[in-house]
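Trainee: Read in this note's numbering, the sequence shown has 727 at position 23, and its numbers run on one by one without any break. To start, I am sharing the structure in question, which I have written as structure tokens.
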Amino acid sequence: MTQHSLFGKVQEDWAGFSAEIFFWHPFFEDNKAEIFLGDEFDEDGEEIDEPPSDEDLNIYAETYQRFINLFDVILLDLQQKAFERYQKLYAHYYENTEKSGEPPLNIDSVEKHNPFIKELNDIRISKNNTIRLSLHYQLDTEHGLEFKFIDNQIDAIAGIAET
């Protein structure tokens with residue numbers, strides 16, 4: 705176990721090493737998200753069992769502070785990109801009664817899509833100013849939704865653990 709001025713106790717957890725503090729934002733229905741520090745697996749797919757160094761933790765802290773300082777702007781981009789992904793991958797099913805067997809959801813705007821992305825699972829801070837934000841996506845509960853940010857810009861969007 706390591707202690708850090710921002711993250712508090714850093715300890716091994718179910719998916720790597722986690723901070724004592726949590727991420728919270730009112731958009732995400734008041735749930736607190738666990739913050740993971742560093743990658744869970746190395747390049748060979750082996751679990752990382754060495755805690756992040758003090759230097760790594762300080763870099764992660766800088767990355768995280770920049771992220772939360774800009775989060776309201778980042779959130780707008782996340783919402784827009786999530787809606788665009790819905791239109792591209794899911795709308796043909798959910799908006800078509802013949803395919804879904806249900807009435808259309810009529811999701812035709814970011815605002816109508818937002819209720820489906822309000823459950824935040826966790827955040828992972830990694831090297832190279834990288835943050836992954838994982839969501840429970842109500843329209844695809846099998847895969848979820850993960851956003852990979854590099855320097856606070858969306859770099860990739862996919863299912864959880866696919867970015």
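Glycine included, each C-beta is placed from N, C-alpha and C at the ideal position.
Going by C-alpha to C-alpha distance, which of Lys-816, Ala-765 and Ile-772 sits closest to Gln-784?
Mentor: Lys-816
Trainee: State the DSSP-derived secondary structure class of His-840, mapped to helix, strand or coil.
Mentor: Three-state DSSP puts His-840 in a strand.
Trainee: With a 10 Å radius around its C-beta and 16 neighbouring C-beta atoms as the bar for buried, classify Leu-761 as buried or exposed.
Mentor: buried
Trainee: Find out if the Cβ-Cβ distance for the pair Phe-721, Gly-749 is shorter than 7 Å.
Mentor: no
Trainee: I'd like the span of the beta strand (DSSP E) that includes Ile-858, first residue to last.
Mentor: Run containing Ile-858: 857 to 862, per the beta strand (DSSP E) assignment.
Trainee: In chain order, what residues of the same chain have a beta carbon less than 7 Å from the beta carbon of Asp-746, not counting five sequence neighbours either side?
Mentor: Ile-752
Trainee: Tell me whether the beta-carbon of Phe-771 lies closer than 7 Å to the beta-carbon of Ile-835.
Mentor: yes
Trainee: In chain order, what residues of the same chain have a beta carbon less than 7 Å from the beta carbon of Ala-862, not counting five sequence neighbours either side?
Mentor: These residues qualify, in order along the chain: Glu-850.
Trainee: Which two residues bound the contiguous beta strand (DSSP E) that contains Ser-830?
Mentor: 823 to 830
Trainee: Based on the DSSP secondary-structure assignment, which residues constitute the bridge partners of Ser-722?
Mentor: Gln-715 and Phe-740
Trainee: Determine whether the beta carbon atoms of Ala-765 and Ile-739 lie at a separation below 7 Å.
Mentor: no
Trainee: Does DSSP put Leu-849 in a helix, in a strand, or in coil?
Mentor: strand
Trainee: Skipping 5 residues on each side, what residues in its chain have a beta carbon closer than 7 Å to that of Leu-774?
Mentor: Closer than 7 Å at the Cβ level, and outside the excluded window around Leu-774, lie Asn-856.
Trainee: Using a Cβ-Cβ cut-off of 7 Å (strictly less than) and excluding sequence neighbours within five positions of Glu-744, which residues of its own chain qualify?
Mentor: Ala-719, Gly-720, Glu-751 and Ile-752
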